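Protein sequences appear in the order of chains A and B.
Under the numbering used here, the first sequence has 92 at position 107, and the numbering climbs by one with no breaks.
Heads up, the numbering used here is the position in the second sequence plus 62, with the first residue counted as 1.
We put the CB at the ideal spot given by N, CA and C, even for glycine.
From a predicted model like this one, the values you see are computed outputs, not experimental measurements.
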Amino acid sequence: DVKVTQSSRYLVKRTGEKVFLECVQDMDHENMFWYRQDPGLGLRLIYFSYDVKMKEKGDIPEGYSVSREKKERFSLILESASTNQTSMYLCASRVSAVVRNEQFFGPGTRLTVL
Amino acid sequence: QKEVEQDPGPLSVPEGAIVSLNCTYSNSAFQYFMWYRQYSRKGPELLMYTYSSGNKEDGRFTAQVDKSSKYISLFIRDSQPSDSATYLCAMVGTASKLTFGTGTRLQVTL
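(1) Who are the neighbours of E87/A on chain B, taking C-beta pairs under 7 Å?
(2) Would you give the residue range spanned by the beta strand (DSSP E) that K118/B belongs to?
(3) Rounded to whole angstroms, what's the CA-CA distance from E107/B to L99/A? Just pull it up for me.
(4) Leaving aside the five residues before and after Q142/B along the sequence, list all residues of the same chain whose C-beta is less than 7 Å from its C-beta, in chain order.
(5) Going along the chain, which residues of its own chain have a beta-carbon closer than 6 Å to the beta-carbon of Y94/B, five neighbours each way excluded?
(6) State the Cα-Cα distance for the pair G93/A and L75/A, rounded to the nearest angstrom.
(7) Go ahead and pull the three-state DSSP assignment for Q70/A.
(8) Quickly, what does DSSP pair N84/B with across the bridge? List them, please.
(9) Please classify M96/B: is it buried, with 16 or more other beta-carbons within 10 angstroms of its beta-carbon, or exposed?
(10) What are the residues of the stretch 20 to 32 of chain A that lie near chain B, defined by any Cβ-Cβ distance shorter than 8 Å?
(11) Name the DSSP bridge partner or partners of F18/A?
(12) Give me the chain A residues within the contact set of G163/B, using Cβ-Cβ distance strictly less than 8 Å, ordered along the chain.
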């Protein structure tokens, strides 16, 4: 079974803080993704990575950055947290788009920025 | 207009009912279609994966795709309280990007 884990289930931070969200997958998947999920808006893609050291902007990258130094780990960074970044953050991985398209999700991190 | 439209619900049905969940889409490039189930405070989990028009069955779940009408459905037979969750449709087109519906919240009551 694919396992995608996220470092925290719940996180509370203050405005202006730098926030790190970590994601690890154990199935040697090439592709990894970060989404945020908000009521009425569904899942929106923030950043994704097709391979180590590679990153691509998604639909809403503003205010975020990512790091992928190792294949199994994909980090999302909020450079200076703001209240409008309060959300559920979901990490996903995929073996590769060439093989199969389905993505496997972690349990999510619910981030509150005060 | 959103690329994928999904009624948010909530949809409340009695145990044992047949449930029909639907999505419509506007992008003809979508080729692969998925349904995810998301329990409260959890990540989405893949339920069904299809890539052609027609039906695909897996236990109590049937996924149906009609590309000519740009319409997909998920049917749940003999619904159970454990089926209470949010159901997300998702589609893949060019660039292998996944586009999600906003989800339909389903409540199956005893």
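In terms of the structure at hand:
(1) Residues of chain B passing the Cβ test: M96, L108 and Y111.
(2) Counting along the chain, the beta strand (DSSP E) containing K118/B begins and ends at G116 to D120.
(3) Each residue's alpha carbon lies about 30 Å from the other.
(4) Closer than 7 Å at the Cβ level, and outside the excluded window around Q142/B, lie E77 and V170.
(5) Same-chain partners within the cutoff: Y113 and V154.
(6) In a straight line, the C-alpha of G93/A is about 5 Å away from that of L75/A.
(7) In this structure, Q70/A counts as helix in the three-state DSSP scheme.
(8) For N84/B, which the question treats as bridged, DSSP gives the partners S135/B.
(9) Sixteen is the threshold: when 16 or more other Cβ atoms of the shown chains lie within 10 Å of the Cβ of M96/B, as they do, the residue is buried.
(10) Answer in chain order: G25, L26, G27, L28 and L30.
(11) Under the DSSP definition of a beta bridge, F18/A partners with F33/A and A77/A.
(12) Neighbours of G163/B on chain A, chain order: G27.
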